[in-house]
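Down below is the structure, laid out as structure tokens.
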Amino acid sequence: MYTLTYGLVSHMLKKEDYFVVIVGLDNAGKTTFLEQTKMKFTNGYKMMNPAKITSTVGMNIGKVEYQNIRLNFWDLGGQEGLHSLWDKYFPDSNALIFVIDSSDEERFKEAHAAFERVMSNEYVQRMPLLIVCNKSDLETDDDGTTTAADELRRLFSADQRHHGEMAVLSVSSLDGLNVDRCIRWLVNSLLNAPPEPLARSHTAPGSLSEASTDSA
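Numbering of the sequence shown is given in full-length UniProt numbering, commencing with residue 1 and proceeding in unit increments.
Here it is, written out as structure tokens:
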């Protein structure tokens, strides 16, 4: 009887694992976004000092629990020479976050070119996709968007290859504005996503050792 009860309780308390890959150009604020996520959704977690965050070489990992699921994040380096490695993580991911520095208009075309390459992947075309417009100092409206986000939405949402859920939200990774909203959207989209027919190993390629950083 104890074994049966223990098994039922364990099953009820078990967290469903989802794997989320975070990509974008260097200095977009990917790791700062992840640090804010961990601080907001993990009791007692102290965020890394943003002043000590530098460009990721390799990968940062993080886990948070929300509702009855566990989100496993893979934050990948954004330097141009590392973009070719991103594809290796897509088959094992359930969702993708693409982070853009919305204050750096000179790199919008470069960011869009990187996004176009990401969108050529068949796995990405089906999974929930969140475009995070980071570093915006503009006032947000009721749906969490800004003028910069509207411009980026027009630029990035024109791709007709994507068939899954997609959202564009403005955030400030530095002070945490709208980070929790991003995670709630992500969780709802994952829970409502149709079952993925292709097998996923959910094991990140290469080492899972935690690299130390990405620019804010």
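C-beta atoms are modelled at their ideal positions from N, C-alpha and C, and glycine is treated no differently.
Simplified DSSP state of MET166, which is helix, strand or coil: strand
From ILE183, GLN125 and GLY176, residue whose alpha carbon lies closest to that of MET48: GLY176
Three or more C-beta pairs below 8 Å linking the stretch 17-28 and the stretch 87-101: yes
Where ASN192 falls: helix, strand or coil (DSSP): helix
Contact under 8 Å by Cβ, SER136 with SER102: yes
Three-state class that DSSP yields for TYR89 in the structure shown: coil
Exposure label - ALA111; buried when at least 16 CB within 10 Å: buried
Sheet register partners of TRP74 (DSSP bridge): VAL21 and ILE61
PRO50 to THR37 span [Cα, whole Å]: 13 Å
Neighbourhood of THR42 by C-beta, 7 Å cutoff - its chain only, sequence neighbours within 5 removed: VAL64
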